[in-house]
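Q:
There are 2 protein chains.
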Amino acid sequence: MSQCKRKLLSAERERLILNALGSSVGTIADLSIRLKVSEATVRRDLQSLEIQGKVRRVHGGAIRVQFPRTEPIFTEKAAFHAAEKDQIARLALEFIDDDDSIYLDGGSTVLALARKLDQRKNLTIVTNSLMAAAELMESSHRLILLGGEFRALSRTLVGPLTERIVNSLHLDKAFMGTIGFTVENGISTTDPGEAYTKELVMQRAGKVLLLVDSSKIGVSSFVVSGSIKDIDVVISDHHIPEQIVKKLNRQHVEVIF
Amino acid sequence: MSQCKRKLLSAERERLILNALGSSVGTIADLSIRLKVSEATVRRDLQSLEIQGKVRRVHGGAIRVQFPRTEPIFTEKAAFHAAEKDQIARLALEFIDDDDSIYLDGGSTVLALARKLDQRKNLTIVTNSLMAAAELMESSHRLILLGGEFRALSRTLVGPLTERIVNSLHLDKAFMGTIGFTVENGISTTDPGEAYTKELVMQRAGKVLLLVDSSKIGVSSFVVSGSIKDIDVVISDHHIPEQIVKKLNRQHVEVIF
DNA sequence: AAATATTTTGCAAGTTTTTGAAAGAAAATA
DNA sequence: TATTTTCTTTCAAAAACTTGCAAAATATTT
Chain A
377 MSQCKRKLLS AERERLILNA LGSSVGTIAD LSIRLKVSEA TVRRDLQSLE IQGKVRRVHG
437 GAIRVQFPRT EPIFTEKAAF HAAEKDQIAR LALEFIDDDD SIYLDGGSTV LALARKLDQR
497 KNLTIVTNSL MAAAELMESS HRLILLGGEF RALSRTLVGP LTERIVNSLH LDKAFMGTIG
557 FTVENGISTT DPGEAYTKEL VMQRAGKVLL LVDSSKIGVS SFVVSGSIKD IDVVISDHHI
617 PEQIVKKLNR QHVEVIF
Chain B
377 MSQCKRKLLS AERERLILNA LGSSVGTIAD LSIRLKVSEA TVRRDLQSLE IQGKVRRVHG
437 GAIRVQFPRT EPIFTEKAAF HAAEKDQIAR LALEFIDDDD SIYLDGGSTV LALARKLDQR
497 KNLTIVTNSL MAAAELMESS HRLILLGGEF RALSRTLVGP LTERIVNSLH LDKAFMGTIG
557 FTVENGISTT DPGEAYTKEL VMQRAGKVLL LVDSSKIGVS SFVVSGSIKD IDVVISDHHI
617 PEQIVKKLNR QHVEVIF
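Keeping their order, the protein sequence lines are chains A and B. The opening position of the first sequence corresponds to residue 377 in the numbering used here, with each subsequent residue numbered one higher. The opening position of the second sequence corresponds to residue 377 in the numbering used here, with each subsequent residue numbered one higher.
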């Protein structure tokens, strides 16, 4: 049906790539042979497909995204940048001492921290994240859940009801996650209820530590949920731009990576 | 079945590993042979899977973990008298109308009710049970969790902190579970924190329904968590003794079975 | 139709990631 | 305690990725 001599348009190729990937993965080399183009071109096409959210690129090839929902489901999000998140969590763990009372926010980066907490003793852990709670169920620490309205997308408890409990607690350190982070606008998220609870917690905590992988830096989301002033320490990975670090230091925010 | 010549991507290998592990354990040596890669690579893959929370590494191999990790104690309990509990839950469902705001207590009998709630529309469901919450995560109902201290044995949130949220809610109907139930002492449970929260909820609810299978009738536990006066309806199975029914009726408690 | 601008493609240099091997540390077993 | 097995760390080679650039293809203008 299409003229086979003429070279294919990139849009046509992209459709062919998606086809070739089927439901599983494909290598660059394989796709390059099948489409009769150079590997460089395949890479560019996959890059474009990744931006469109149709494909997830991995070293050596790409994986087709199964359910192209508007927001990636939690488990997919967690697998993305897993190594960076783990590294950030390892750095964050250094800030936690035995017998601390700490707050764990929602999000996969903070969840990575939750998985490491059996390296400390006798913590009081407060969280609004059901994923973190599930992870800590078996632990010997004292676990307190914020009440509130359940938000399915992030699996967290949010909104005005959380205020009741937050205000009756003292928190030594709060480990916060975020959707977006810029020096100008501070931290931002998609849901107003989520933002409300974040702000509340940061006001109650002795020290606020923001865990943010570099893919979120420079991104602004819908609702502002806190400014730079609320944050004491930013923990990120090594891809964080040097100029951002300098700007943060100027605002008396410690940066670790 | 699979193309053995082509080199596998790490993402593919990880899927194969999860597959190979199935629900049991797998050794490094075994995986190394099956995937035709070095043991070092298998270790690295397992490390990555552990960071993602999909696997638990042990000396010599790895074990697959799946969410929600159900404690054997709890599942055994739930399996016990499962048919009776399901029957009780079916009867309890009749008391729930569309648009109700209801409370779900902890315990396996109430959990059976939670599983049936997609037969109603637009409920506001308040609960202190993480098992119930896990069950209702995907539902379209509005879900509110009581905050408070996490009690591992029952997987519920209990204690003084729950007061903050309970007192700011209105509940049409409360579906309560219990450890023990006698006409003389009312309902009783093992944990003071648990009892505290139960009493609180029953005071705030328009109608209190007790879901109790016959194995718990005549049993008294450590802490009293409510008297007969607090209860409007008792829902049980057909093994409930006739004389108990009469005594309850005399105290204006409706009995269904 | 010719000339020019724009986009796409392939190539190559330099960088990063992955992989397997080996040595020392830690854990299990006898 | 001694011994074996398994784990972690480190290293070097190989594979894959990124970036910049020039040639080719396509689109736009004259």
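Idealized CB from N, CA, C, for every residue including glycine.
By the 10 Å Cβ neighbour count, where 16 or more other Cβ atoms means buried, how is Phe551 (chain B) classified, buried or exposed?
A: Looking at its Cβ environment, which holds 16 or more other Cβ atoms inside 10 Å, Phe551 (chain B) is buried.
Q: Are three or more beta carbon pairs between the region 386-398 of chain B and the region 607-617 of chain A nearer than 8 Å?
A: Not touching, per the Cβ criterion.
Q: For the beta strand (DSSP E) holding Asp421 (chain B), just list the boundary residues, first then last.
A: Not the beta strand (DSSP E): Asp421 (chain B) falls in the alpha helix (DSSP H), residues Glu415 to Ile427.
Q: Could you run through the region 517-529 of chain A and flag, in chain order, every residue whose CB is less than 8 Å away from some CB of chain B?
A: From the region 517-529 of chain A, only Arg518, Leu519, Ile520, Leu521, Leu522, Gly523, Gly524, Glu525, Phe526 and Ala528 have a Cβ closer than 8 Å to chain B.
Q: What in chain A is Cβ-close to Met513 (chain B), meaning under 8 Å?
A: Chain A residues near Met513 (chain B): Leu506, Phe526, Ala528 and Arg531.
Q: Which residue marks the beginning of the beta strand (DSSP E) containing Asp481 (chain A), and which one marks its end?
A: Taken as a continuous stretch (DSSP letters only), Asp481 (chain A) belongs to no beta strand (DSSP E), as it is neither H nor E.
Q: Tell me, which residues are paired with Glu630 (chain A) by DSSP?
A: DSSP output for Glu630 (chain A) lists A:Val609 as bridge partner(s).
Q: Would you kindly work out how many angstroms separate the C-alpha atoms of Ile501 (chain B) and Gln495 (chain A), rounded to a whole number?
A: Distance between the alpha carbons of Ile501 (chain B) and Gln495 (chain A) is about 36 Å.
Q: Taking the alpha-carbon positions, what's the Leu493 (chain B) to Thr565 (chain B) distance?
A: So the alpha carbons of these two residues sit roughly 26 Å apart.
Q: Can you grab the Cα-Cα spacing for the pair Val418 (chain A) / Gly398 (chain A), in whole Å?
A: One C-alpha to the other measures close to 16 Å.
Q: Determine the direct distance from the alpha carbon of Leu469 (chain B) to that of Ser612 (chain A), and round the result to whole angstroms.
A: Using only the alpha carbons, I get a separation of about 49 Å.
Q: Can you give the Cα-Cα distance for Glu511 (chain A) and Ala490 (chain A), rounded to whole angstroms?
A: Between Glu511 (chain A) and Ala490 (chain A), the C-alpha separation is close to 7 Å.
Q: Give the straight-line distance between the Cα atoms of Asp421 (chain A) and Thr558 (chain A), rounded to the nearest whole angstrom.
A: Roughly 30 Å between the two C-alpha positions.
Q: In or out: Leu529 (chain B) buried (at least 16 other Cβ within 10 Å) or exposed?
A: Leu529 (chain B) should be labelled exposed.
Q: Quick one: using the 10 Å Cβ neighbour count with 16 as the cut-off for buried, is Asp406 (chain B) buried or exposed?
A: With fewer than 16 other Cβ atoms within 10 Å, it is exposed.
Q: Smallest Cα separation from Thr503 (chain B): which of B:Thr554, B:Val542 and B:Arg527?
A: Closest option to Thr503 (chain B), Cα to Cα, is B:Val542.
Q: Using the Cα positions of Leu585 (chain B) and Leu467 (chain B), report the straight-line distance between them to the nearest angstrom.
A: Rounded to the nearest angstrom, the two C-alpha atoms are 11 Å apart.
Q: For a contact defined as C-beta to C-beta under 9 Å, what are the partners of Ser603 (chain B) on chain A?
A: What Ser603 (chain B) touches in chain A: nothing, since even the nearest Cβ is about 26 Å away.
Q: Along chain B, in chain order, which residues have C-beta atoms closer than 8 Å to that of Val434 (chain A)?
A: Under the 8 Å cutoff, chain B gives Leu385, Ser386 and Ala387.
Q: Within the chosen definition, does the region 517-528 of chain B reach the region 585-598 of chain B through at least 3 CB pairs nearer than 8 Å?
A: No: the two stretches stay apart, fewer than three of their Cβ pairs being nearer than 8 Å.
Q: Output yes or no for whether 7 Å exceeds the beta carbon distance between Gly569 (chain A) and Gly535 (chain A).
A: It is a contact, given that the beta carbons lie within the stated cut-off.
Q: Residues of chain B with a CB under 8 Å from the CB of Ile541 (chain A): which are they?
A: Near Ile541 (chain A) (Cβ distances below 8 Å), the residues of chain B are Gly523, Gly524, Leu537, Arg540 and Ile541.
Q: Tell me the rounded alpha-carbon separation between Gln627 (chain B) and Phe456 (chain B).
A: Rounded to the nearest angstrom, the two C-alpha atoms are 30 Å apart.
Q: Residues of chain A with a CB under 7 Å from the CB of Ser544 (chain B): which are they?
A: The contacting residues are Leu537 and Arg540.
Q: Curious, which full-length alpha helix (DSSP H) runs of at least 4 residues does the region 528-606 of chain A contain?
A: If we require 4 residues or more, the alpha helix (DSSP H) runs fully inside the region 528-606 of chain A come out as 537-542 and 568-580.
Q: Residues in the same chain with beta-carbon distance under 6 Å from Glu460 (chain B), minus the five sequence neighbours each way, listed in chain order, please.
A: Around Glu460 (chain B): Asp589 and Asp613.
Q: Relative to the C-alpha of Gly556 (chain A), which candidate in A:His546, A:Asp548, A:Leu547 and A:Asp567 has its C-alpha closest?
A: For Gly556 (chain A), the nearest C-alpha among the options comes from A:Asp567.
Q: So with Cβ pairs under 7 Å, would you call Gly483 (chain A) a contact of chain B?
A: For Gly483 (chain A), the answer is no, since every Cβ of chain B falls outside 7 Å of its Cβ.
Q: Between which two residues does the alpha helix (DSSP H) carrying Ile439 (chain B) extend?
A: Here Ile439 (chain B) belongs to no alpha helix (DSSP H); instead the beta strand (DSSP E) covers Gly437 to Arg440.
Q: So what does DSSP say about Ser505 (chain A), is it helix, strand or coil?
A: Strand.
Q: Quick one: grab the DSSP three-state call for Glu447 (chain A).
A: Because the pLDDT of Glu447 (chain A) is 42, which lies under 50, any placement of that residue in the model is unreliable, and the question is left without a value.
Q: Mind pulling the chain B residues with CB within less than 8 Å of Ala488 (chain A)?
A: Per Cβ cutoff of 8 Å: Ile427.
Q: Can you look up Lys622 (chain A) in the DSSP assignment and give me helix, strand or coil?
A: Lys622 (chain A) falls in the helix class under three-state DSSP.
Q: Which word fits Ile427 (chain A), buried or exposed, when buried means at least 16 other C-beta atoms lie within 10 angstroms of its C-beta?
A: Label assigned to Ile427 (chain A): exposed.
Q: May I ask you to report which of helix, strand or coil DSSP gives Ile520 (chain A)?
A: Correct three-state label for Ile520 (chain A): strand.
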